[in-house]
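For reference, the structure is listed below as structure tokens.
Residue numbers (my numbering): 737 to 1039.
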């Protein structure tokens, strides 16, 4: 992605392993179906996608670390959670949203979803004309951080059953005892904006019980929705347990990719942001504003 590139398309896949230790796999593929501009447009926005509102936890970190970047976010809340969908359906949704973001002139795409990464990262990496930053549960840094040698990994059903996740456990799970727990229903509680209610607490207690009973002192929040439940999870498992998510690490990797691709916005002006949702606006907008922390206009996404 430099001035001499004309008839090439640069597809980049970045896999993030977490805030306490990061892994990045960078693959460059040359394709020929679209031309890049001679000079990259640093003022173009970054596109971020997720199955719903969970990716706002990643968007928040990107905005914090890259305040001059313009940000686009699509919450696919109508089809949430992706965690109980077939791989092909997740792949189709991710591609549909990515194409929309490209139509908005996105200079990079961030898959702010572990489930979306497992299902669609490789496909997007090989077919999109911009860098693709993806993520995975932070098993590696959790294995490095544990003192008891036991870590818990809280994930969606789709992530727990994915080949990528199994490969991740094979690579880094040998350094600790890993207790994996799929958590159906938790994403829906966050989508509803219910972060502290009785039903949400009941689910958190149920899904973290194997970690507590197994002696885990480190828990990986393996969905971008789960950081919004961090205070509740911490209250349930106790403050002696370390909770790890990947939002800050993803933001740092976005910064590195933009820098090396000569795409970082150094204008000094505050960046803007726009948010779309495929869900019902009357329901989704209050939840998005609650999680984002400020009043924000949300547009409908009907693709």
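The beta carbon of each residue, even a glycine, is placed where N, CA and C say it ideally should be.
query	result
Anticipated Cβ contact below 8 angstroms, residue 854 with residue 901, distance rounded	6 angstroms
Coarse secondary structure for residue 811, derived from DSSP in three states	strand
C-alpha distance - residue 910 paired with residue 850, whole-angstrom precision	21 angstroms
Within 8 angstroms, strictly: CB atoms of residue 868 and residue 887	no
CB of residue 808 within 8 angstroms of CB of residue 798, strictly	no
Of the residues 955, 811, 921, the one placed nearest residue 873, counting alpha carbons only	955
One or two residues paired with residue 956 in a DSSP bridge	889, 980
Neighbourhood of residue 778 by C-beta, 6 angstroms cutoff - its chain only, sequence neighbours within 5 removed	999, 1001
Nearest-angstrom Cβ-Cβ length linking residue 1013 and residue 1034, presumed shorter than 8 angstroms	6 angstroms
Backbone CA spacing between residue 751 and residue 982 [nearest angstrom]	Confidence is the limiting factor: at residue 751 the pLDDT is only 46, short of 50, which leaves the residue's position unreliable, though a coordinate-based value still follows. Approximately 10 angstroms, taken between the alpha carbons.
Contact between the segment 780-790 and the segment 815-824 (3+ Cβ pairs under 8 angstroms)	yes
DSSP-derived helix/strand/coil call for residue 743	Caution is warranted here: a pLDDT of 35 is assigned to residue 743, below 50, making its placement in the model unreliable, and the coordinate value is therefore given only provisionally. Correct three-state label for residue 743: coil.
Beta-bridge pairing of residue 916 - partner residues as DSSP gives them	889
Nearest-angstrom Cα separation, counted from residue 810 out to residue 991	20 angstroms
Cross-strand partners of residue 855 (DSSP beta bridge)	None; residue 855 has no bridge partner.
Residues of its chain near residue 773, where Cβ-Cβ distance is below 8 angstroms and the 5 sequence neighbours each way are ignored	With a pLDDT of only 41 at residue 773, under the threshold of 50, the placement of this residue in the model should not be trusted; the figure read from the coordinates follows. No residues qualify anywhere along the chain.
Cβ neighbours of residue 738 in the same chain (closer than 7 angstroms, five flanking residues each side left out)	Residue confidence for residue 738 is low, a pLDDT of 34 falling below 50, so the modelled location carries little weight and cannot support an answer.
With 16 other Cβ atoms within 10 Å as the buried cut-off, status of residue 861	buried
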